[in-house]
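The next block holds one structure in the form of structure tokens; read it before the comments.
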Amino acid sequence: LQLGGKSPNILLSDANLRRAAKGSMIAIYNNSGQICTAGSRILVEKSIHDEFVQSMIDATASMKLGQALDDETGMGPVVSAEQLERVTGYIDIGKSEGAEIVTGGDRALAMGDGYFVEPTIFTGVRNDMRIAQEEIFGPVAAVIEVADVEEAISVANDTIYGLAAAVWTSDLVKAHKVARGINAGTIWINGSGMYDPSVSFGGFKQSGFGRELGIHSMESYTEMKSVWMSLK
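Going by the working numbering, the sequence shown opens with residue 2, and the numbers climb by one from there.
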């Protein structure tokens, strides 16, 4: 059973910012943010916060909104009018909580009557805000500033979910530290959204139980039988 997430996407100070900004954009805006593993909480070390946010804004600005079947489209609409209302409602909640919108923040009216939401980035987000704790399931990124890798791990785990997480760093020691420390079923290093039929996928905590893919997925289709026999 897989029940969604609020996946942290962690940017450490030694990350390749250009690559990380593009990867983070894909992690939250792919399928208009309607993916259970979307990197919706972006945790950024203080020393690179402003530079990363600007890189993310620039990367977002280059993305074209359009119809899903158009090869030039970078992001399409959300799935329904109900979902459009839900996502824009959460944007309003973020503003009321005191977070700052640095790009996007509204329905994409230029797209006409379609269910398009502007790709949105909030900064000044606290992890106890609803936009950081509740699954929006739309193209809304919440950027949270952290002091160091220890705080990043702590904030990443401060959620009811535990489906996936990503970390961007050039330091393998830090990468392994984060991978060990985060309570999530899948950890990506310098990337996101990587899957393979041979690798198990599933969540911790309220992100569900059991596993898809890999040998462990067979357990869901297996009935165990115990036979006790006395030979006397």
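Built from N, CA and C at the ideal position, the CB exists for glycine as well.
Where does residue i land, buried or exposed, given buried means 16+ other C-beta within 10 angstroms?
{"i": "Tyr196", "result": "exposed"}
{"i": "Gln84", "result": "buried"}
{"i": "Tyr222", "result": "exposed"}
Assuming the contact rule is C-beta atoms closer than 8 Å, residue i and residue j should be a hit. Round their C-beta distance to whole Å, please.
{"i": "Leu164", "j": "Ala148", "result": "Not quite, the Cβ-Cβ distance comes to about 25 Å (not below 8 Å), so this is no contact."}
{"i": "Val150", "j": "Ile122", "result": "Rounded, the Cβ-Cβ distance is 23 Å, inconsistent with contact."}
{"i": "Val179", "j": "Val118", "result": "So it is not a contact: roughly 30 Å between Cβ atoms."}
{"i": "Thr38", "j": "Gly192", "result": "In fact, because the Cβ distance is near 12 Å, the residues do not count as touching under 8 Å."}
Between which residues of its own chain and residue i is the CB-CB distance below 6 Å, once the five residues before and five after are set aside?
{"i": "Arg212", "result": "Ser201, Gly203, Ser218"}
{"i": "Phe53", "result": "Leu12, Leu18, Val45"}
When the Cα atoms are used, what is the spatial distance from residue i to residue j?
{"i": "Ala157", "j": "Asn128", "result": "9 Å"}
{"i": "Met130", "j": "Phe138", "result": "16 Å"}
{"i": "Tyr30", "j": "Trp229", "result": "55 Å"}
{"i": "Ser25", "j": "Ala142", "result": "9 Å"}
{"i": "Gly115", "j": "Thr187", "result": "34 Å"}
{"i": "Ala21", "j": "Ile36", "result": "19 Å"}
{"i": "Gly215", "j": "Thr74", "result": "33 Å"}
{"i": "Lys206", "j": "Thr160", "result": "9 Å"}
{"i": "His177", "j": "Gly77", "result": "35 Å"}
{"i": "Ile58", "j": "Ser227", "result": "58 Å"}
{"i": "Ala167", "j": "Ser231", "result": "53 Å"}
Among the options, which has the Cα closest to the Cα of residue i?
{"i": "Pro140", "options": "Ala153, Ala28, Asn10", "result": "Ala28"}
{"i": "Glu152", "options": "Gly182, Met26, Leu70", "result": "Gly182"}
{"i": "Arg42", "options": "Trp169, Val144, Leu13", "result": "Val144"}
{"i": "Lys65", "options": "Ala39, Ser33, Ser81, Ser227", "result": "Ser33"}
{"i": "Asn10", "options": "Glu224, Ile132, Ile190, Pro198", "result": "Ile190"}
Output yes if chain C places a C-beta closer than 7 Å to the C-beta of residue i; else output no.
{"i": "Gly75", "result": "Judged by its chain identifiers, the structure shown contains no chain C, having just a single protein chain."}
Residues in the same chain with beta-carbon distance under 8 Å from residue i, minus the five sequence neighbours each way, listed in chain order, please.
{"i": "Thr61", "result": "Met26, Tyr30, Thr104, Gly105, Pro120, Ile122"}
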